[in-house]
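K.L.:
Residue numbers (the working numbering): 1 to 214.
Laid out in structure tokens, this is it:
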């Protein structure tokens with residue numbers, strides 16, 4: 001029996017999505033699935049970290065209104081035949097990121113049309129509008145959109161939001177014994193979530209081998 005083939009199209013700004021995908025891919029490949037990756041690369045990416053609060057505020061406002069970020073052309077193999085496509089990326093101000101939105105506009109129908117799609121979402125908290133936006137667009141292309149794989153940053157609010165802002169401004173407190181680090185141990189996803197991502201990959205491999213009948 002030929003191997004099942006999965007394409008992962010992703011964008012990762014602070015590398016949180018990419019870190020989870022490494023574990024997820026390991027789970028898929030350990031289950032005998034062939035995986036190809038396509039990283040979306042903006043022609044004019046946002047700076048990181050942001051050099052001022054004003055620049056960060058403008059960027060957050062633009063992402064809230066779903067401003068597109070033009071991406072570089074995709075590799076030719078993205079337009080092939082796949083048993084499943086994972087569309088992965090962070091939530092930006094409730095919505096998919098600018099590079100993912102540009103991908104949907106320019107390549108969504110050709111790459112994803114008529115295929116099984118699983119959104120893979122990394123976010124601080126509110127992800128449902130992100131998912132609904134993806135689903136609404138992909139259904140128009142004849143895609144079968146499955147239940148999303150979602151990972152929330154595990155820290156509690158308001159520290160989760162404060163930590164995000166500090167990270168984007170490059171001003172995260174580094175001292176382990178600081179009062180802030182006691183409330184906010186670190187930015188992003190945990191090692192435990194990495195293990196959960198691996199298990200999600202293994203479960204998807206089983207479903208693919210069973211033609212989604214498991």
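Glycine residues also receive a C-beta, built at the ideal position from the N, C-alpha and C atoms.
1) How many Å lie between residue 141 and residue 207 at the Cα?
2) Just checking my contact of residue 19 with residue 194 at CB under 8 Å: how many whole Å lie between their CB atoms?
3) What is the rounded straight-line gap between the Cα of residue 99 and the Cα of residue 32?
4) For the pair the region 98-117 and the region 131-148, tell me if three or more CB-CB distances fall below 8 Å.
5) Would residue 96 pass as a contact of residue 133 if the rule is Cβ separation under 8 Å?
6) In angstroms with no decimal places, state the Cα-to-Cα distance between residue 46 and residue 63.
7) How many Å lie between residue 136 and residue 179 at the Cα?
8) Bridge partners for residue 88 per DSSP, in chain order?
9) Please say whether residue 35 and residue 25 have beta carbons closer to each other than 8 Å?
10) If I measure Cβ to Cβ from residue 125 and keep anything under 8 Å in the same chain, skipping five residues before and after, which residues do I get?
11) Just checking my contact of residue 6 with residue 86 at CB under 8 Å: how many whole Å lie between their CB atoms?
12) In whole angstroms, give me the CA-to-CA distance for residue 162 and residue 11.
13) Does DSSP put residue 37 in a helix, in a strand, or in coil?
14) Look at residue 191 and residue 27 and say whether their C-beta atoms are less than 8 Å apart.
15) I'd like the span of the beta strand (DSSP E) that includes residue 64, first residue to last.
16) Go through its chain and collect everything with a Cβ distance to residue 90's Cβ below 8 Å, but skip five positions before and after it.
P.N.:
To lay it out plainly:
1) Translated into the one-based positions of the chain shown, residue 141 becomes position 141. Translated into the one-based positions of the chain shown, residue 207 becomes position 207. If I take the Cα positions, the gap works out to 23 Å.
2) Mapped onto the chain shown, residue 19 falls at position 19. Mapped onto the chain shown, residue 194 falls at position 194. Going by Cβ atoms, the distance from residue 19 to residue 194 rounds to 7 Å, so yes, they are a contact pair.
3) The sequence position of residue 99 within the chain shown is 99, counting from 1. The sequence position of residue 32 within the chain shown is 32, counting from 1. Spanning the two alpha carbons is a distance of roughly 30 Å.
4) yes
5) Position 96 of the chain shown, counting from 1, holds the residue named residue 96. Position 133 of the chain shown, counting from 1, holds the residue named residue 133. Contact flag set, yes.
6) Within the chain shown, numbered from 1, the residue matching residue 46 stands at position 46. Within the chain shown, numbered from 1, the residue matching residue 63 stands at position 63. Distance between the alpha carbons of residue 46 and residue 63: 11 Å.
7) Here residue 136 refers to the residue found at position 136 of the chain shown. Here residue 179 refers to the residue found at position 179 of the chain shown. Using only the alpha carbons, I get a separation of about 44 Å.
8) Here residue 88 refers to the residue found at position 88 when the chain shown is read from its first residue. In DSSP, residue 88 forms a bridge with 10, 120.
9) Start at 1 with the first residue of the chain shown, and residue 25 comes out as number 25. Start at 1 with the first residue of the chain shown, and residue 35 comes out as number 35. In this structure, residue 35 lies closer than 8 Å to residue 25 by Cβ.
10) Along the chain shown, read from residue 1 onward, the residue named residue 125 stands at position 125. Excluding sequence neighbours, residue 125 sits near 152, 153, 157, 160.
11) Your numbering for residue 6 matches position 6 in the chain shown. Your numbering for residue 86 matches position 86 in the chain shown. Contact flag correct, Cβ pair sits at about 6 Å.
12) Taking the chain shown and counting its residues from 1, one reaches residue 162 at position 162. Taking the chain shown and counting its residues from 1, one reaches residue 11 at position 11. Whole-angstrom Cα-Cα distance: 23 Å.
13) For the purposes of this step, residue 37 is taken as the residue at position 37 of the chain shown. Residue 37: strand per DSSP, three-state reduction.
14) For the purposes of this step, residue 191 is taken as the residue at position 191 of the chain shown. For the purposes of this step, residue 27 is taken as the residue at position 27 of the chain shown. No, Cβ-Cβ distance for residue 191 and residue 27 is not below 8 Å.
15) By one-based count along the chain shown, residue 64 stands at place 64. Per DSSP, residue 64 belongs to no beta strand (DSSP E); it is in the alpha helix (DSSP H), 53-64.
16) One-based indexing of the chain shown puts residue 90 at position 90. These residues qualify, in order along the chain: 11, 12, 13, 14, 16, 17, 97, 121, 122, 123.
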